[in-house]
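Below is one structure; the comments refer to it alone.
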Amino acid sequence: MALYTDHAMETAIGKMLRVGVTVSAVTVLAGGLISLRHAWAPLPDYSHFVRERASLDSATGILHGIKSLEAASVIQLGILLLIATPIVRVVMCVAGFARQHDWLYVIVSSAVLVILLYSLWQHGS
Amino acid sequence: MRKASFDHPAEREPVSNAMSLLWFTVMVFFTSLFAGLLGSLTGLGGGVVIVPALVLLFKVDMRYAIGASLVSVIATSSGAAAAYVRDGLSNIRIGMFLEIATTLGAMMGAYLATRVSTHAIAIVFGIVLLYSAFASFRGRESVAKETKPDALAVRLKLEGDYPAGSVSEETLRAGPAATHYTAQRVPLGFGIMFGAGALSGLLGIGSGAVKVLAMDQAMKLPFKVSTTTSNFMIGVTAAASAGIYLSRGYIDAQIAMPVVLGVLMGSLLGSKLLPRAPVRTLKMVFALVIVALGVEMIYSGTKGRI
């Protein structure tokens, strides 16, 4: 049990979260700078919600937009990376608890992972 | 096609006062920066004021506002993690176990958000704002931790050691040795966590105040363990509603961009300034702002203006 302490696991997770949040923030910022090409454009009307099932809601749609460096697609990629960081955190917990042979918590963290993936797979993509 | 909003803005009808994209982005960024700064200095979180600020000041639809806020909540939770890991107070097992409840709750909350009217969401939001202001002043007297261990908590390993040497009321009172703690009333805490997750998914907030309530008051965990573990849980909880928000088009890139960057920078700045900040005064000011926003949200919600 002493092989891999909880604190070591948390330190590794803390590092990953910091890298994840930095990479996503830089991506969002890059997209934001690209969007300033249209800095003086009038603002779209955000006071009314438009339910659009846009190309940006799917990974393929976003990747398509990235190729042509569309601001919204780059920002959305950053947002997807941000959403992915806590999911990677749960994956690291599954692996960390397995290293500790704490099977109860391998099951607990796997359950959380299944819920997260279900919520994304069911409603996302 | 949503991407049109960026590259061909004219495809959406401009608002009458024709605020430019740059002006909107800059104003939302600084509002978010301020919210993140105050949120991290007072421990109330920035997300809780971002939604009312976007809705009331910038006249953004509630659904875009909660979408942007949810993303910023994930960013601050992950961004603050490094500091919390250094303290070594968060409990990874208690957090993970309770995340089963918060993620299930978050999915239900996000589903409800797509079904319930924005008036109703505004009223619930107002009530949560008032509660957060109240909770920030609740006494933090430590309850007697030396109770008989809860059998379920022991079986689930919901226990830990509060390290000696960290500066806090609890350790000072308990003496220099590490104190052992075990969670109490696990089903109650689990139930409150489900509610915290549902609020998070419904309102796009971290609902840290309710998570702390579940651990600190219901499960009788040390206060610092509750707050740091809560911070770790916020990102995972919010990720569970993100899929539903994305598929419904709640997360608009153009609005989310300045909100995420502003709140994140504000909260990082806040954690740097924290040791020298007049926290009590700030807390008082921020609580008043939150109460005013809460009352306004409830009023606008009942009048059907939001």
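So the protein sequences, as listed, match chains A and B. For what it's worth, this note's numbering labels the leading residue of the first sequence as 376, then goes sequentially. For what it's worth, this note's numbering labels the leading residue of the second sequence as 308, then goes sequentially. For every residue, glycine included, the Cβ atom is placed at its ideal position computed from N, Cα and C.
Residues of chain B with a Cβ closer than 8 Å to the Cβ of residue 479 (chain A) are, in chain order, 463, 464.
The bridge partners DSSP lists for residue 406 (chain B) come to none. Under the three-pair Cβ rule at 8 Å, the segment 460–479 of chain A counts as touching the segment 393–401 of chain A.
In the DSSP assignment, the residues bridged to residue 469 (chain B) are B:486. Among the residues of chain A, those whose CB is under 7 Å from the CB of residue 400 (chain B) are 480, following chain order. Under the Cβ criterion of 8 Å, residue 518 (chain B) is not counted among the residues facing chain A. Less than 8 Å divides the Cβ of residue 443 (chain B) from the Cβ of residue 349 (chain B). In terms of beta-carbon proximity, residue 500 (chain B) stays away from the interface with chain A, with every pair separated by 8 Å or more. Going by beta carbons, residue 441 (chain A) and residue 564 (chain B) fall outside the 8 Å limit. Rounded to whole angstroms, the separation of the alpha carbons of residue 455 (chain B) and residue 487 (chain B) is 12 Å. The alpha carbon of residue 413 (chain B) has as its nearest neighbour, out of A:484, A:379, A:491, the alpha carbon of A:491. Chain B places no beta carbon closer than 8 Å to that of residue 438 (chain A), leaving this residue out of the contacts. In the DSSP annotation of this structure, the continuous segment of the alpha helix (DSSP H) that includes residue 603 (chain B) starts and ends at 586–609. Counted as a single uninterrupted DSSP element, the alpha helix (DSSP H) harbouring residue 579 (chain B) occupies residues 560–580. For residue 571 (chain B), the CB contacts under 8 Å within the same chain, skipping 5 residues up- and downstream, are 343, 379, 382, 383, 386 in chain order.
At a C-beta separation below 7 Å, residue 406 (chain B) has these neighbours in chain A: 487. Annotation note: the segment 455–493 of chain A contains no uninterrupted beta strand (DSSP E) run of length 3 or greater. When only Cα atoms are considered, residue 395 (chain B) and residue 496 (chain B) end up about 22 Å apart. In the structure shown, residue 529 (chain B) adopts coil according to DSSP, grouped into three states. Cα atoms of residue 527 (chain B) and residue 445 (chain A): separation of roughly 50 Å, rounded to the nearest angstrom.
Taking the Cβ atoms as the reference, residue 453 (chain A) lies roughly 4 Å from residue 403 (chain A), within the contact range of under 8 Å. Straight-line measurement puts the Cα of residue 576 (chain B) at about 34 Å from the Cα of residue 418 (chain B). Interface annotation, residue 371 (chain B): in contact with chain A, CB-CB separation under 8 Å. In this structure residue 400 (chain B) is buried. Its beta-carbon is surrounded by 16 or more other beta-carbon atoms within 10 angstroms. Proximity of residue 384 (chain A) to chain B, defined by a Cβ-Cβ separation below 8 Å, is satisfied. With a threshold of 8 Å between beta carbons, residue 474 (chain A) makes no contact with chain B.
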